[in-house]
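Reading the sequence shown from the start, the letters are residues 1 to 381 in full-length UniProt numbering.
Take a look at the structure set out below.
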Amino acid sequence: MQLTSEHEMIRDAVRSFVQERITPNAARWDKEHHFPAEELKELAAMGAYGVAVPEEFGGAGMDYLSLALVLEEIAAGDGGTSTVVSVNNCPVCSIGMMYANAEQKEQWLRPLASGEKLGAFCLTEPHAGSDAADLRTTARLEKGGEGDEYVLNGVKQFITSGKHADVAIVMAVTDKAAGKKGISAFWVDTKTPGYIVASLEHKMGQHSSDTAQILFENCRIPAANLIGEEGMGYKIALSGLEGGRIGIASQSVGMARAAFEAALTYAKDRRTFGKPIFEHQAVQFRLADMATQIEAARQLIWHAASMKDAGKPCLKEAAMAKLFASEMAEKVCSDAIQIHGGYGYVSDFPVERIYRDVRVCQIYEGSSDIQKILIGRGLMD
Ligand SMILES: CC(C)(COP(=O)(O)OP(=O)(O)OC[C@H]1O[C@@H](n2cnc3c(N)ncnc32)[C@H](O)[C@@H]1OP(=O)(O)O)[C@@H](O)C(=O)NCCC(=O)NCCSC(=O)CCS(=O)O
């Protein structure tokens with residue numbers, strides 16, 4: 001699949017920004033666990049927070065293919081930064097676009113898509129990751145004189161931007177007896193009393209993004225914050241994750257590309273046995289495989305994104321893209337370390353950090369095994 005000149009322009013604009021403002025800082029952000037608030041604001045000003053959201057709702061008015069390109073470029077600079085942007089786009093903004101009513105689009109989606117606010121997605125719980133319907137967080141409706149409210153109680157786990165986000169989409173049980181159909185989705189302002197950042201995870205990589213455990217302790221929100229209708233929350237979450245998986249796949253390709261480019265540069269520079277190691281066939285074959293795998297993953301992503309842009313169901317294609325791209329990226333980043341030899345294992349070269357950053361792509365927003373379940377189901381249809 002080929003890009004249009006408009007898509008190339010978007011990609012090139014983000015690439016220039018990333019090369020100037022993100023790539024040179026990524027190693028320091030990793031060491032200092034720095035959240036790049038300033039650079040994220042600049043990305044937001046370029047339209048990166050709501051790439052596929054129409055302009056009338058504060059977004060950039062582009063498409064999912066553009067979003068895939070934007071995320072690949074950001075991830076090529078820094079994995080953690082790309083995760084913050086990815087989650088804000090999908091599932092957060094995509095859920096806002098698909099399920100928010102007109103008032104909610106004004107109140108919540110517009111600031112999220114324009115970059116005035118940052119969003120988080122609160123589905124996972126300490127005991128409920130892959131088995132996402134097994135939620136224990138509750139939302140109890142209380143009727144009151146000053147307006148009806150939901151009262152949220154429970155714990156959410158592994159929440160990207162849980163600390164820095166202004167707004168969270170939270171899935172909670174409103175009717176336990178109804179199982180999957182008893183889960184509802186809500187907009188929550190993170191400044192609401194009872195939204196508590198309980199702890200921050202100490203992660204292997206992606207140190208520039210925060211991953212938090214969030215405690216909801218009698219967190220009272222207006223009943224008008226319900227997204228869709230009661231009982232729609234699980235469906236809303238799963239449909240938001242469909243686009244999210246295209247995003248994680250794009251991040252995987254971005255990080256794999258950065259590791260590949262570092263390895264290629266190193267291979268042309270480093271000499272053994274009287275010539276650059278690139279001229280040894282073993283190294284050149286490894287690089288050839290890496291380049292091929294990256295391009296194959298990219299094509300799967302562009303295919304899934306194009307289907308989404310055409311309004312076609314793409315659960316299977318998004319799952320294939322995420323599965324292939326995230327598994328490919330770990331292998332490519334490992335190969336990049338191998339090409340660097342001992343230098344690949346130390347932090348003087350970027351491949352050590354990228355390898356740590358990319359590992360989680362096989363886990364978050366649905367592990368590789370979950371993607372295989374979805375692909376398998378797609379094959380039955
Ligand atoms: C393992 C699962 C795939 C199991 O799913 P289920 O079998 O329980 O779900 P279904 O019965 O198939 O679907 C329920 C309901 O939703 C509708 N649905 C499903 N997918 C879509 C979609 N793409 N678009 C629209 N609607 C959809 C489906 O038709 C059903 O509707 P009806 O009841 O028929 O009306 C699933 O549990 C799963 O995916 N698990 C993994 C969860 C996951 O990825 N978690 C990670 C969360 S985020 C995270 O990791 C933190 C990082 S971050 O901050 O983002």
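No residue lacks a Cβ here, since even glycine has one placed at the ideal position from N, Cα and C.
Could you tell me the distance, in whole angstroms, from the CA atom of residue i to the CA atom of residue j?
i	j	result
Met232	Asn218	22 Å
Ala60	Glu149	33 Å
Ala177	Ile22	48 Å
Gly50	Gly58	8 Å
Thr152	Ala172	Just to set this straight, residue 152 is Leu in the shown sequence, not Thr. Taking the straight line joining both Cα atoms gives about 8 Å.
Trp108	Gly96	8 Å
Ala296	Glu230	41 Å
Glu352	Gly274	27 Å
Lys143	Leu226	14 Å
Ser5	Glu39	26 Å
Lys181	Arg140	15 Å
Met244	Asp12	Met is not the amino acid found at residue 244; the sequence shown has Gly there. For Gly244 and Asp12, the distance between alpha carbons rounds to 23 Å.
Met328	Leu300	12 Å
Val14	Gly145	50 Å
Gly205	Ser326	15 Å
Lys372	Ala256	21 Å
Gln157	Ser199	10 Å
Tyr355	Glu56	39 Å
Met380	Leu67	29 Å
Cys361	Arg28	22 Å
Val167	Val87	12 Å
Asp269	Val358	25 Å
Glu365	Ser239	12 Å
Gly342	Gly47	40 Å
Phe216	Ser334	39 Å
Gly162	Val197	7 Å
Among residues of its own chain, excluding the 5 on either side of residue i, which ones have a beta-carbon nearer than 7 Å to its beta-carbon?
i	result
Ala165	Leu118, Gly119, Ala120, Thr190
Gln284	Phe278
Leu65	His7, Trp302, Ala305, Ser306, Asp309
Val262	Checking the sequence shown, residue 262 turns out to be Ala, not Val. So the qualifying residues of the chain are Ala336, Phe349, Pro350, Val351.
Thr83	Thr160, Gln206, Ser209, Gln251
Phe260	Met290, Ala291, Ile294, Val332, Ala336
Gly378	Leu315, Lys316
Leu112	Tyr49, Gly50, Asn88, Val92, Cys93, Gly96, Gly119, Val167
In chain order, what residues of the same chain have a beta carbon less than 8 Å from the beta carbon of residue i, not counting five sequence neighbours either side?
i	result
Ile375	Lys316, Ala319, Met320, Leu323
Ala128	Asp134, Leu135, Arg136
Run the proximity test for residue i: is its beta-carbon closer than 7 Å to any non-hydrogen atom belonging to ligand 1?
i	result
Phe158	yes
Ile339	no
Val151	no
Leu123	yes
Tyr234	yes
Val87	yes
Ile196	no
Leu200	no
Ala75	no
Gly228	no
Tyr364	yes
Phe317	At residue 317 the sequence reads Glu, which differs from the Phe that was named. It does not: the Cβ of Glu317 is nowhere closer than 7 Å to a heavy atom of ligand 1.
Ile370	yes
Lys180	yes
Ala133	yes
Gly129	yes
Ile373	yes
Ala120	yes
Ser239	yes
Glu242	yes
Going along the chain, which residues of its own chain have a beta-carbon closer than 6 Å to the beta-carbon of residue i, five neighbours each way excluded?
i	result
Ala44	Gly115
Tyr99	Ile227, Gly228, Ile236
Arg110	Phe57, Gly58
Val170	Cys122, Phe186, Val188
Can you say whether residue i is buried or exposed, counting buried as having 16 or more other CB atoms within 10 angstroms of its CB?
i	result
Val70	buried
Gly254	buried
Thr265	exposed
Gln293	buried
Glu125	buried
Glu72	buried
Ala288	exposed
Lys105	buried
Ser347	exposed
Tyr272	It is worth fixing the name first, because residue 272 is Thr in this sequence and not Tyr. Thr272 comes out exposed.
Gln213	buried
Asp63	buried
- Of all the alpha helix (DSSP H) runs that stay within the bounds of the stretch 63–94, which reach a length of 4 or more residues? 64–77, 79–87
- Message: In chain order, what are the residue ranges of uninterrupted alpha helix (DSSP H) at least 4 long that sit wholly in the stretch 23–57?
- Response: 26–32, 37–45
- Query: Mind pulling the alpha helix (DSSP H) runs of 4 or more residues that sit fully within the stretch 278–366?
  - Reply: 281–309, 315–340, 350–358
- Message: Just to confirm the assignment: which complete beta strand (DSSP E) runs, minimum length 3, are found wholly within the stretch 104–166?
- Response: 119–122, 138–142, 149–160
- Query: At which residue ranges does the stretch 206–290 contain complete alpha helix (DSSP H) runs of 4 or more residues, listed in the order of the chain?
  - Reply: 233–269
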